[in-house]
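Colleague: What follows is a structure written as structure tokens; I'll ask about it next.
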Amino acid sequence: MASSISQTNFPPFPPLTKPPTSTSIVKRLYLCRHGETAPNALGVLQGSGIDEYLNPAGVQQAECLRDRMASIDIDIVMSSKLKRARQTAQIVYQKHADLPFVEVEDLAEISWGDWEGQQSPELRNLLESWQEGDFEAKAPNGESPLDVEQRSVPALYDILKRPEERLAIVIHGRLLRIILSSILYRSLEHMSAFTHHNTCINVIDAIIEMDPTNLAAFNKLVNGSMDEQVAKAMGATRPTSLDDNIAVGREEAEAAGALNRSAAGSNMPDRVPRTLVQHPAHVRFVPIVLDSIDHLPVEMGGPTPAAQK
Numbered sequence: 001m002a003s004s005i006s007q008t009n010f011p012p013f014p015p016l017t018k019p020p021t022s023t024s025i026v027k028r029l030y031l032c033r034h035g036e037t038a039p040n041a042l043g044v045l046q047g048s049g050i051d052e053y054l055n056p057a058g059v060q061q062a063e064c065l066r067d068r069m070a071s072i073d074i075d076i077v078m079s080s081k082l083k084r085a086r087q088t089a090q091i092v093y094q095k096h097a098d099l100p101f102v103e104v105e106d107l108a109e110i111s112w113g114d115w116e117g118q119q120s121p122e123l124r125n126l127l128e129s130w131q132e133g134d135f136e137a138k139a140p141n142g143e144s145p146l147d148v149e150q151r152s153v154p155a156l157y158d159i160l161k162r163p164e165e166r167l168a169i170v171i172h173g174r175l176l177r178i179i180l181s182s183i184l185y186r187s188l189e190h191m192s193a194f195t196h197h198n199t200c201i202n203v204i205d206a207i208i209e210m211d212p213t214n215l216a217a218f219n220k221l222v223n224g225s226m227d228e229q230v231a232k233a234m235g236a237t238r239p240t241s242l243d244d245n246i247a248v249g250r251e252e253a254e255a256a257g258a259l260n261r262s263a264a265g266s267n268m269p270d271r272v273p274r275t276l277v278q279h280p281a282h283v284r285f286v287p288i289v290l291d292s293i294d295h296l297p298v299e300m301g302g303p304t305p306a307a308q309k
């Protein structure tokens, strides 16, 4: 299947963010989602309880991701231990076979519990509970966003302690929403802002202050409007979805955003936390590109030529 974009003529991603202080460093994360699976195609919930390989379309998507990443300088390829993420990462690894390949158990997808493999009629109610700020809500015998954040975000901070500076990491859709909301906003209130197409690329720069005595200057220099940074990184408008199975229109999406913005108000009990992660003061994240699927042809879910302009 031929791509509408030359496999050797991809536009470069923006340059690495400049370190804000003389004692800080910057690492680049390429956070990718896996290719399509049969459960994805069927529109059923697929969390950590379903461990499927890619379907043929997903393999083709992963090959497009491989070609997109082939010319990018990276130091390591990583993935969750679930088959769909590992297989996608292994295909990307074909062009970087001299690098380390590492699997991380704590980067598994959220568990949908009793709803795995189903189109649960209760899903919308659960997602609306999350939008209203109840991040303890979960499917029966599943995980809540707070549960997932507590295992995955510390795992990401541990990854940043590694010596590699340019890291390609293949993970999962809902997990991406949770991680991006947590590391960018230090709260789960913005999960619905982050779309996650199959084999999308999220380019995130991690700014790390190496001198503990320089934190005041560091934090002063890296502060800024995250809403503006996210909007710029998102680029062209993409379809918004509550999750893989429920598509929503612009009005509903805007309403969801309003719910998220008001979640810290009096509608939710004080006991419901917005995050349970102690984010280190010496690390800040900058969104560079979000949900990039320019490597996919239109027939595989990629943007139309008009959307790319």
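If you count by our numbering, then the sequence shown holds residues 1 to 309, one letter each, in order. Glycine included, each C-beta is placed from N, C-alpha and C at the ideal position.
Report the option in Arg274, Tyr30, Val59 and Arg162 whose CA atom is closest to the CA atom of lysine 83.
Modeller: Val59
Colleague: Would a C-beta distance cut-off of 7 Å place leucine 349 and phenylalanine 135 closer than the cut-off?
Modeller: A question about residue 349 goes unanswered here, because the residues of the chain that appear run from 1 up to 309.
Colleague: Output yes or no for whether 7 Å exceeds the beta carbon distance between glycine 35 and glutamine 61.
Modeller: yes
Colleague: Could you compute how far the alpha carbon of leucine 290 sits from the alpha carbon of lysine 161?
Modeller: 23 Å
Colleague: Taking the continuous alpha helix (DSSP H) assigned at alanine 231, which residues delimit it?
Modeller: Looking at the DSSP string, the run of the alpha helix (DSSP H) that includes alanine 231 is 226 to 234.
Colleague: According to DSSP, is glutamate 149 helix, strand or coil?
Modeller: helix
Colleague: Helix, strand or coil: which one does DSSP assign to isoleucine 208?
Modeller: strand
Colleague: What residues in its chain sit with their C-beta under 7 Å from that of tyrosine 185, if we drop five residues either side in the sequence?
Modeller: Answer for tyrosine 185: Met226, listed in chain order.
Colleague: Around the Cβ of glutamine 46, are there at least 16 other Cβ atoms within 10 angstroms (buried) or fewer (exposed)?
Modeller: Answer is buried; the Cβ neighbour count reaches 16.
Colleague: Between the alpha carbons of proline 11 and serine 292, how many angstroms are there, rounded?
Modeller: Between proline 11 and serine 292, the C-alpha separation is close to 12 Å.
Colleague: Is histidine 63 helix, strand or coil when you go by DSSP?
Modeller: A small correction: the amino acid at residue 63 is glutamate; histidine does not occupy that position in the sequence shown. It is helical.
Colleague: Pull up the distance between the alpha-carbon of asparagine 125 and that of tyrosine 30, whole angstroms please.
Modeller: The alpha-carbon atoms of asparagine 125 and tyrosine 30 are separated by roughly 32 Å.
Colleague: CB-CB under 6 Å to threonine 88, same chain, minus the five flanking residues each way: which ones, in chain order?
Modeller: His34, Gly35, Ala62 and Val170
Colleague: Which same chain residues, not among the five before or five after glutamate 143, have their C-beta less than 7 Å away from its C-beta?
Modeller: Ile110 and Ser111
Colleague: So is leucine 29 in contact with chain C if we call contact Cβ pairs under 7 Å?
Modeller: Within the model displayed, chain C is absent; a lone protein chain is all it includes.
Colleague: Under 7 Å Cβ to Cβ from threonine 275, same chain only, skipping five residues before and after it: list those, please.
Modeller: Glu149, Ser182, Arg186, Ser187 and Leu188
Colleague: Leaving out five residues before and five after glycine 257 in sequence, what residues of the same chain have Cβ atoms less than 8 Å from its Cβ?
Modeller: Below a pLDDT of 50, predicted positions are generally treated as unreliable, and glycine 257, at 43, falls in that range; the measurement from the model is reported next regardless. The residues Ser192 and Ala193, in chain order, have a CB closer than 8 Å to that of glycine 257 in the same chain once the five nearest residues on each side in sequence are set aside.
Colleague: Alpha carbon to alpha carbon, how far is histidine 190 from valine 230?
Modeller: 11 Å
Colleague: Ordered along the chain, which non-local residues of its own chain (more than five positions away) have a Cβ less than 7 Å from that of alanine 233?
Modeller: Pro287, Ile288, Val289 and Leu290
Colleague: Determine the direct distance from the alpha carbon of proline 305 to that of proline 273, and round the result to whole angstroms.
Modeller: 42 Å
Colleague: For serine 120, which of Val102, Pro140, Trp130 and Glu132 has the nearest alpha-carbon?
Modeller: Minimum Cα distance to serine 120 is reached at Pro140.
Colleague: For the region 201 to 215 against the region 21 to 28, are there 3 or more C-beta pairs whose distance is under 8 Å?
Modeller: yes
Colleague: Buried or exposed, going by whether 16 or more other CB atoms sit within 10 Å of the CB of lysine 220?
Modeller: exposed
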